[in-house]
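In the numbering used here, the protein residues as written are 2 to 304.
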């Protein structure tokens, strides 16, 4: 039996799209008789009719539709295989997984993504957002090749490289109409504990989860992401600490109020970017080279 070759699949595809053997031949840079002969040989080998030629247009038969549907998947797989071989040969990873902390603003990260796509169109970029210990957990478990914005204080033992990015400061915020906003003094733990806290759950799967500025006796509202937490606090549904760089626009517009607390030391984190101890491919090298820029790190921190 004649093999179903990629060339024959391209022919069937072209004929189906144009509804014409002649037009398909022009697209494929072949003479019409060569296309007609090749398709007839394939039909004879398979003992099926692939095209209904009775009308003005060549139309696929049910057997032809099946061949085209499955054949297109085969062609896509062959293209993907060729791409993977090319990437491996040039040192570019098939996929790069980047985890970004939920405390970071997204606009600078998107600028990085845009630059990466222009440079490395062959590498699939997979982004995720992690919270608290989830940043280090993503790296330790292999869910991420690079983590941006992890808290240096939470680093687990393991073979990692890390570089400092800078300091992130957190502010205790409530809506202007929240009862805590009416207190004209630094808030005590007892003041805060009387009201519901809005939090984003730690995304860690294996490492011990952490909390930030949370009192054990407080009732909780657990939100799915940082923006949802901010929105809930703007509506007055609860209180809690927010990255100051993300809260600042809401404070400026009067949608949130930053409240002083009687803690002597404000909540801060020393953030780092980190990657596993292995030889980086070209895609990871690109990100690491960009992150060496102090100006970029300041931008990622919202400065």
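Positions of the beta carbon are idealized from the N, C-alpha and C atoms, including for glycine.
Compute the beta-carbon to beta-carbon distance between residue 13 and residue 65, rounded to the nearest angstrom, for a pair I have assumed lies under 8 Å. Contact holds; Cβ gap of about 7 Å.
Neighbourhood of residue 258 by C-beta, 8 Å cutoff - its chain only, sequence neighbours within 5 removed: Once the five neighbours on either side are set aside, the close Cβ partners of residue 258 are 174, 175, 176, 177, 179, 182 and 252.
Note down the Cα distance separating residue 218 from residue 200, rounded to an integer number of angstroms. Rounded to the nearest angstrom, the two C-alpha atoms are 14 Å apart.
Please specify which runs of the beta strand (DSSP E), each continuous and at least 3 residues long, are wholly inside the stretch 139-171, giving them in chain order. The qualifying runs are 147-152.
Run through DSSP, which three-state label would residue 256 get? In the three-state reduction of the DSSP assignment, residue 256 falls in the coil class, being assigned neither a helical nor a strand state.
Taking contact to mean 3 or more Cβ pairs, one atom from each stretch, closer than 8 Å, check whether the stretch 277-297 and the stretch 117-128 are in contact. Verdict: yes, contact present.
Residue 273 beta carbon less than 8 Å from that of residue 151: Judged by beta-carbon spacing, residue 273 lies within the 8 Å limit of residue 151, meaning their Cβ atoms are closer than that value.
To the nearest angstrom, how far is it from the Cα of residue 170 to the Cα of residue 157? C-alpha separation (whole angstroms): 22 Å.
Could you tell me if residue 264 is buried or exposed, where buried requires 16 or more neighbouring beta carbons within 10 angstroms of its beta carbon? Classification of residue 264: exposed, given that the 10 Å Cβ count is below 16.
Report back the beta-carbon spacing between residue 292 and residue 298 to the nearest angstrom; my notes put them in contact at under 8 Å. Confirmed, about 7 Å.
So which of 101, 301 and 254 has the shortest CA-CA distance to residue 235? The candidate whose alpha carbon is nearest that of residue 235 is 254.
By how many angstroms is the C-alpha of residue 137 removed from the C-alpha of residue 215? Linking residue 215 to residue 137 through their CA atoms gives a straight-line distance of about 20 Å.
Would you call the stretch 92-112 and the stretch 142-149 in contact, with 3 or more CB pairs under 8 Å? Yes, since at least three Cβ pairs between the stretch 92-112 and the stretch 142-149 fall closer than 8 Å, the two stretches touch.
Measuring alpha carbon to alpha carbon, tell me which residue in 27, 129, 270 and 20 is nearest residue 57. Nearest Cα to residue 57 within the set 27, 129, 270 and 20: 20.
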